[in-house]
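So the protein sequences, as listed, match chains L and U. For the first sequence, the numbering used here gives the first residue as 742, with consecutive numbering after it. For the second sequence, the numbering used here gives the first residue as 13, with consecutive numbering after it. C-beta: ideal position from N, C-alpha, C; glycine also. One structure is given below, encoded as structure tokens.
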Amino acid sequence: MKDTSHINPLENEAIYIFREVTAQFEKPVLLFSGGKDSITLVRLAQKAFWPAKIPFPLMHIDTGHNFPETIEFRDRLVEELGLELIVRNVQDSIDAGKVKEESGKYSSRNSLQTTTLLDAIEEFKFDACIGGARRDEEKARAKERIFSVRDDFGQWDERNQRPELFDMLNGQIELGQNVRVFPISNWTELDVWSYIEKEEMEIPSIYFAHKRKVFLRDGLIWSHSDYVFQEDDEEVLERMVRFRTVGDMSCTAAVFSEAADIESVVQEIRDSTISERGARIDDKRSEAAMEKRKQQGYF
Amino acid sequence: MLVVRSQKNENSKPTTINRQQATKMEVLKIATAGSVDDGKSTLIGRLLYDTKSLTTDKLEAIEKTSKQKGYDYLDFSLATDGLVAEREQGITIDVAHIYFSTATKSYIIADTPGHVEYTRNMVTGASTSQAAIILIDARKGVIEQTNRHFFINNLLRIKEVVVAINKMDLVDFSEERYNEIKADFEQLIEKRDYQGQKITFIPVSALKGDNVVNKSANTSWYKGETLLEHLEGLDLAAVSNIGTPRFPVQYVVRPKTENFHDFRGFAGKVYGGELSVGDEVVALPSQTKSKIKEIYFYDKKYETASRRSSVTITLEDEINVSRGDMLVKVDDLPSIEKQFTATISWMDSQDLTLGSKYIVQHGVNKVLAKVDNIHHKINPDYSGIDTDTKVLGMNDIAQVTFKLNKPIFYDAFKDHRTNGSFILIDTQSNSTVGAGFIQ
């Protein structure tokens, strides 16, 4: 039988990575945001360990500024699959004075997640955090390893990464270090969407076209919400939109779309001329925005 | 579906095959090699641009930055050079992975740097690739580093190598110059170990776009394919290395639930060939025999598990198998030895010395190893060997014998790309410090 299918080599690779994390680490955790990539991870983890349950908990670093649809979906998924979910709140880090809320027009809690994440890693002594980052998303992520070692401070030393050869994953670390693991490193946005379609997976409704109150700024479509700063002269419009990527309401821009089901979404991605992270306000801050955040321990 | 031929079973629906995807999409991994300024990043950027893989926002960012730098052309290397230091210095520091697809294939390109840690990065990039592109600057021709680029790709037994003779615009698209370089390169070919490697020469200008995706009007003397045409035509089944089936056990699945109380599944990836229900297998190192009872991919049973599928296997008999063990067919045993000789590529700034100990990670198996003998070092220009050597430094390639604290189950790299390779891990720093290819 020939290796002719596209998705399956990637699926098999991801399952292999999941099994390696579980075998090589004592306390792995899957970082779950409620977005399509982390939902895909959950499906792949199910496949890796069936008929046993997924042998690690999920953890959500909650900024408090999520789309309500994502949170509802998260809770339902966890219940249906009988998984353990840990939630840690950015609000708690703010209240404890560990981080300061950003202010102004472009304020977002996105980068504040890092402190809460690092605290949680220490609290639970997690030695491996599994995430849904993909190399095609962004230039700095293109250099990321599948097993990416972080020091005591959660920092990414991009100039001193371990080479990764063949499909052998070196998970040896020192006490205090941890590893970020990216099972879908080699997937593209279209691969993820095609997989969701093929697997008939359920995803939060905000990924499909819906009517939403929005406003326009800098050529991007922002959600009208209590969590998003809005100037008086920024007019609220009601439009058919959907989200291609789901982070915080304050850092995720929508796209105009009529794609109301998975088939039309896949078609739309196929035809798209804008990259997925083109709708991430947090990346637009500067050319090296992602690299900077990663060095500080961001996912 | 790739994994498998579906077997009728009562537990679940039969597998559906997504025809459109199955016939259309293949993944080809390509490694690149070239010296600083040979234009690797530019070539990749050009491939992305001409296949319309660069999205509007990425293209705008490139236009903006090119303008800021005062260029009168688009600097496509900006599409791939991802780290701040790289953009500042205009060089590639670390292996980057770039993705694009056409109507027939998906491509993953490992963009590997051509400077200080070049050997380490090239070996890394090539270790997962089925094809390689070696760049040559048409003005400079075959230089010392070209030897090494070719040698590494030959050592790693990459089946398809494209020699892209770049910057043809700077030598007036001269056929004579192209032929000169080609002849020089062909002299290297005579020295190669792995004869099965296919080599294709293409004159290109990555900056101007000649013969990358589109045929060039400037090279009417060149009758061959463009780079992309060539890649599109490669038959993936033919470029992949196939051997005998090896099943290293990654993880033992023991659900201990009511429905699966006695279930004991061995999870792993199949390498080299197929395994089928009913196959007589032997577990290594215990040498206990059994038969494959079931093959699962997720909750579905299959008759056969094909190469590179991540399945869970159950056996007819209750035998003791744990992570690091290997299932193989009874009539097809690998070497089971406490020592081996290999060609290794040293990747660490700290030297490898005779007598020192490292961890050998062979697939999912780890053993402690001692450097027993350094036979010889291979000269960087591929000109010969140095037999008087006691230490290896970064980028050195050498033939070394290791003694192990327990046996591993291996094949020669030439027979089995997966089961014949390993990585070396430093016992102190835990870093991956080398890679090896067993003889």
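Let me see if you follow: with CB-CB separation under 8 Å, is Gln33 (chain U) close to chain L or not? Low confidence applies here, because Gln33 (chain U) scores a pLDDT of 37, under 50, leaving its location unreliable and the question unanswered by this model.
Would a C-beta distance cut-off of 8 Å place Ala793 (chain L) and Phe759 (chain L) closer than the cut-off? no
Could you tell me whether the region 129 to 144 of chain U touches the region 913 to 923 of chain L, using the rule of 3 or more Cβ pairs below 8 Å? no
Along the region 875 to 896 of chain L, where does the CB come closer than 7 Å to a CB of chain U? Name the residues. Arg876, Asp877, Lys880, Ala881, Ala883, Lys884
Three-way DSSP call (helix, strand, coil) for Thr35 (chain U) in this model: With a pLDDT of only 36 at Thr35 (chain U), under the threshold of 50, the placement of this residue in the model should not be trusted, and no figure is reported.
Comparing the C-beta of Tyr111 (chain U) with each C-beta of chain L, is any distance below 8 Å? yes
Neighbour list for Gly153 (chain U) in chain L, Cβ cutoff strictly below 7 Å: Those within 7 Å of Gly153 (chain U) in chain L number zero; the least Cβ separation is about 30 Å.
Quickly, what does DSSP pair Gly277 (chain U) with across the bridge? List them, please. U:Val265
Assumed close pair Arg160 (chain U), Val261 (chain U) - CB separation to whole angstroms, cut-off 8 Å: That pair is no contact at about 37 Å.
According to the Cβ coordinates, are Arg151 (chain U) and Lys179 (chain U) closer than 8 Å? yes
Would you mind working out which of L:Glu864, L:Lys884, L:Ala874, L:Asp803 sits nearest Ser849 (chain L), comparing C-alpha positions? L:Asp803
Which runs of the beta strand (DSSP E) fall wholly inside the region 774 to 809 of chain L and span at least 3 residues, in chain order? 799 to 803
Using a C-beta to C-beta distance shorter than 7 Å, which residues of chain U count as neighbours of Arg760 (chain L)? Gln262, Tyr263, Ala279
Bridge-paired residues (DSSP) for Met113 (chain U): Note that residue 113 (chain U) is Ser in the sequence shown here, rather than Met. According to DSSP, Ser113 (chain U) bridges with U:Ser118.
Grab the span of the alpha helix (DSSP H) containing Gly245 (chain U) for me, first residue to last. 239 to 245
Per-residue contacts from Asp106 (chain U) into chain L (C-beta, under 8 Å): Lys884, Glu899, Arg900, Gln902
Hey, quick one: how far does the beta strand (DSSP E) through Gly285 (chain U) stretch, first residue to last? It is not in any beta strand (DSSP E) - Gly285 (chain U) carries neither H nor E in the DSSP assignment.
Give a yes or no on whether the minimum CB-CB distance between Ser443 (chain U) and chain B is below 8 Å. No chain B appears in the structure shown, which is made up of the protein chains L and U.
Coil, strand or helix - Met359 (chain U) by DSSP: coil
Return yes when the Cβ of Val987 (chain L) is within less than 8 Å of the Cβ of Gly805 (chain L), no when it is not. no
Outcome for Lys788 (chain L) when other beta-carbon atoms lying within 10 angstroms are tallied against a minimum of 16: buried
Closer than 9 Å at the beta carbon, the chain U residues around Phe907 (chain L): Ser139, Thr140, Gly375, Arg429, Thr430, Ser433, Phe434, Ile435, Ala447
Taking the alpha carbon of Glu198 (chain U) as the point to measure from, which residue in U:Asp62, U:Thr158, U:Ile397 has its own alpha carbon closest? U:Thr158
Delimiting residues of the beta strand (DSSP E) encompassing Ser302 (chain U): 300 to 309
So is Val982 (chain L) buried or exposed if we call it buried at 16+ other beta carbons inside 10 Å? buried
How many angstroms separate the CA atom of Arg958 (chain L) from the CA atom of Lys64 (chain U)? 28 Å
In chain L, which residues lie less than 8 Å from Met359 (chain U) when you measure between Cβ atoms? Pro904
Would Ile386 (chain U) pass as a contact of Leu380 (chain U) if the rule is Cβ separation under 8 Å? no
For the region 778 to 805 of chain L, which residues have a beta carbon sitting closer than 8 Å to at least one beta carbon of chain U? Gln787, Lys788, Ala789, Phe790, Trp791, Pro792, Ala793, Lys794
Using the beta-carbon count (16 or more within 10 Å), is Lys52 (chain U) buried or exposed? buried
Just to make sure I have the definition right: I need the residues of chain L whose C-beta is within less than 9 Å of the C-beta of Phe272 (chain U). Which are they? Pro792, Ala793
Three-state class that DSSP yields for Trp928 (chain L) in the structure shown: coil
Under 8 Å from the C-beta of Gln913 (chain L): neighbouring residues of chain U: Ile371, Ile437, Asn442
Could you check whether Cys992 (chain L) and Val922 (chain L) sit closer than 8 Å to each other, using their CB atoms as the reference points? no
Tell me, please, whether the CB atom of Ile756 (chain L) is closer than 8 Å to any CB atom in chain U? yes
Take Asp989 (chain L) and list the residues in its own chain whose beta-carbon comes closer than 8 Å to its own, dropping the five residues that flank it on each side. Thr804, His806, Asn807, Ser849, Arg850, Asn851, Tyr968
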